[in-house]
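Enquirer:
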Amino acid sequence: MIHIGAFALLRPWWLAVLAAVIAIGYLSLRKGAALGDWTTVIDARLLNALSARGVIIPGSGRKRFAAILTAALIAFALAGPAVRRTVQNGYRNLDATVIAIDLSRASVEGGSLPEIKAAAAAIAQTAGARQIALIAYAGDAYLATPFTSDQDWLETEISALDAQTILENGAHPARALSLARKILQRDHIVQANVVLVSAGSGIDSSAFQEARHLVASGYSVATVFAPPQKTAGKLDERSGESLLKRLAADGKGASANARNLEPVLRLARRAPPRLSRSEYALLIWRDLGPFLMLAALMPALFLFRRAR
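Each residue of the sequence shown is one higher than the last, beginning at 15 in my numbering.
(1) Within 10 Å of its beta-carbon, does residue 58 have 16 or more other beta-carbons around it, so buried, or fewer, so exposed?
(2) How big is the Cα-Cα spacing for residue 49 and residue 65?
(3) Going by DSSP in three states, residue 67 sits in which element: helix, strand or coil?
(4) Check whether the region 77-97 and the region 303-312 touch, using three or more Cβ-Cβ pairs below 8 angstroms as the test.
(5) Name the DSSP beta bridge partners of residue 274, please?
(6) Can you say whether residue 178 is buried or exposed, counting buried as having 16 or more other CB atoms within 10 angstroms of its CB?
(7) Does the separation of the CB atoms of residue 147 and residue 128 fall below 8 angstroms?
(8) Three-state secondary structure (DSSP) at residue 128?
(9) Which partner residues does residue 207 have in the DSSP bridge list?
(10) Rounded to whole angstroms, what's the CA-CA distance from residue 174 to residue 304? Just pull it up for me.
(11) Less than 8 angstroms separating the beta-carbons of residue 152 and residue 183?
(12) Could you check what DSSP says for residue 162 in three-state terms: helix, strand or coil?
(13) From the DSSP output, read off the bridge partner residues of residue 21.
(14) Quick one: what does DSSP say residue 10 is sitting in, helix, strand or coil?
(15) Tell whether a beta-carbon distance below 8 angstroms holds between residue 96 and residue 301.
(16) State the start and end residues of the unbroken beta strand (DSSP E) segment that holds residue 150.
(17) DSSP puts residue 155 in a beta bridge; with which residues?
(18) Could you spell out the range, first to last residue, of the beta strand (DSSP E) harbouring residue 301?
(19) According to DSSP, simplified to helix, strand and coil, what is residue 201?
(20) Using CA atoms only, rank isn't needed, just tell me which of 197, 264, 28 and 235 is closest to residue 155.
(21) Please determine, among 270, 260, 238 and 212, the residue with the shortest C-alpha to C-alpha distance to residue 225.
(22) Quick one: Cα of residue 123 to Cα of residue 273, how far?
(23) Could you pull the start and end residues of the alpha helix (DSSP H) that residue 123 belongs to?
(24) Between 233, 218 and 269, which lies nearest to residue 240 when the distance is taken from Cα to Cα?
See the structure below:
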């Protein structure tokens with residue numbers, strides 16, 4: 015499936031057939047124009063006589079064009095052009111994004127928190143109609159916002175996060191990833207991307223293990239590094255970014271810098287692989303193919319027009 019904004023092609027391999035139809039049609043019309051222009055090779059009086067006897071049927075060029083247009087519409091219909099359906103609550107568990115926000119002292123005192131919050135807000139906006147949950151973590155992890163598609167509520171919740179939100183000291187992203195996995199499995203989410211937005215502190219073997227658990231459950235882990243404005247404790251900027259990249263690699267997701275979010279935003283915009291399968295895709299997308307098939311009947315009627 016190819017997904018571009020609110021438009022998608024459910025069966026894009028049929029575009030090859032459409033291209034072949036267009037190419038054959040172009041050659042056919044070009045050849046027909048060269049050999050079928052009887053007025054240039056036959057005397058006008060003879061042409062009129064042949065036409066009167068029904069030997070030459072007027073309008074054969076129009077029939078050729080109608081056949082090509084019919085075939086092109088059918089090929090495009092089979093490619094499955096589709097538009098996104100209005101999200102229904104019954105389908106809310108198909109696709110989700112969990113954003114885990116680092117509120118540890120290293121992020122707050124290092125000056126990373128404004129960029130962390132800005133990155134989280136940008137990811138939430140890009141997720142579109144997906145259900146989004148917010149997790150805030152430091153020494154422990156908490157569900158700040160349950161799954162919702164209300165962008166205004168998410169923006170308010172993100173802007174309200176500060177150093178006083180979580181009282182426990184420390185940085186344990188593994189607990190945030192573990193909590194994300196629990197709520198995803200609890201709500202029976204089919205496909206999800208967990209995005210960890212952090213300055214890179216607290217990433218240890220347990221965080222990598224949780225990322226692998228998420229992948230085994232059918233989810234992915236992406237990371238966003240928010241570089242500290244000043245040194246905070248023992249956190250080194252380069253090692254923090256390197257650890258986040260490794261975590262994203264283990265989580266089969268993308269990694270990005272808070273100042274260049276495009277790799278993660280591109281992943282957020284893309285249709286998830288599991289939802290590209292037909293049994294799920296038709297719940298998200300309205301297939302316009304049947305309507306194009308009906309439209310193909312209009313030029314097809316010219317093919318059955320009786321000669322006079």
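Note that the Cβ used here is the ideal one computed from N, Cα and C, for glycine as well.
Expert: Put simply:
(1) The residue you call residue 58 lines up with position 44 of the sequence shown. By the neighbour-count rule (16 or more Cβ atoms within 10 Å), residue 58 is not buried but exposed.
(2) The residue given as residue 49 occupies position 35 in the sequence shown. The residue given as residue 65 occupies position 51 in the sequence shown. Its pLDDT being 41, under 50, residue 49 is placed unreliably by the model, and the measurement read from it follows with that caveat. Distance between residue 49 and residue 65, taken at the CA atoms: about 17 angstroms.
(3) Reading the sequence shown from its first residue, position 53 is the one you call residue 67. Residue 67 sits in a helix when the DSSP states are folded into three classes.
(4) Yes, the region 77-97 touches the region 303-312.
(5) Translated into positions along the sequence shown, residue 274 becomes position 260. DSSP output for residue 274 lists 271 as bridge partner(s).
(6) Here residue 178 corresponds to residue number 164 of the sequence shown, with the count starting at 1. Counting C-beta atoms within 10 angstroms of its own C-beta, residue 178 has fewer than 16 neighbours from the protein chains shown and is therefore classed as exposed.
(7) Along the sequence shown, read from residue 1 onward, the residue named residue 147 stands at position 133. Along the sequence shown, read from residue 1 onward, the residue named residue 128 stands at position 114. Contact flag unset, no.
(8) Along the sequence shown, read from residue 1 onward, the residue named residue 128 stands at position 114. In this structure, residue 128 counts as helix in the three-state DSSP scheme.
(9) Numbered from 1 along the sequence shown, position 193 holds the residue referred to as residue 207. Answer by DSSP bridge pairing, in chain order: 111 and 234.
(10) Sequence index remark: in the sequence shown, residue 174 carries index 160 (1-based). Sequence index remark: in the sequence shown, residue 304 carries index 290 (1-based). Residue 174 and residue 304: Cα-Cα distance of roughly 48 angstroms.
(11) Counted from its first residue, the sequence shown places residue 152 at position 138. Counted from its first residue, the sequence shown places residue 183 at position 169. In contact: residue 152 and residue 183 (Cβ atoms closer than 8 angstroms).
(12) To locate residue 162, count along the sequence shown from 1; it is residue 148. Residue 162 carries a strand assignment under DSSP once its states are collapsed to helix, strand and coil.
(13) Numbered from 1 along the sequence shown, position 7 holds the residue referred to as residue 21. Residue 21 is bridged to 18 and 97.
(14) The first residue shown for the chain is 15 and the last is 322, placing residue 10 beyond what the model contains.
(15) In the sequence shown, residue 96 corresponds to position 82, counting from 1. In the sequence shown, residue 301 corresponds to position 287, counting from 1. The answer is yes: Cβ separation under 8 angstroms.
(16) Against the sequence shown, residue 150 aligns to sequence position 136. That run of the beta strand (DSSP E) goes 145-151.
(17) Taking the first residue of the sequence shown as position 1, residue 155 is located at position 141. 151.
(18) For the purposes of this step, residue 301 is taken as the residue at position 287 of the sequence shown. Run containing residue 301: 299-301, per the beta strand (DSSP E) assignment.
(19) Locating residue 201 in the sequence shown gives position 187, where the first residue counts as 1. Three-state DSSP puts residue 201 in coil, outside helix and strand.
(20) Numbered from 1 along the sequence shown, position 141 holds the residue referred to as residue 155. Nearest of 197, 264, 28 and 235 to residue 155, Cα basis: 197.
(21) One-based indexing of the sequence shown puts residue 225 at position 211. Closest by alpha carbon: 260.
(22) Position 109 of the sequence shown holds residue 123. Position 259 of the sequence shown holds residue 273. If you draw a straight line from the Cα of residue 123 to the Cα of residue 273, it comes to about 19 angstroms.
(23) Locating residue 123 in the sequence shown gives position 109, counting from the first residue. Counting along the chain, the alpha helix (DSSP H) containing residue 123 begins and ends at 119-123.
(24) Here residue 240 is taken as the residue at index 226 of the sequence shown, counted from 1. Answer by Cα proximity: 269.
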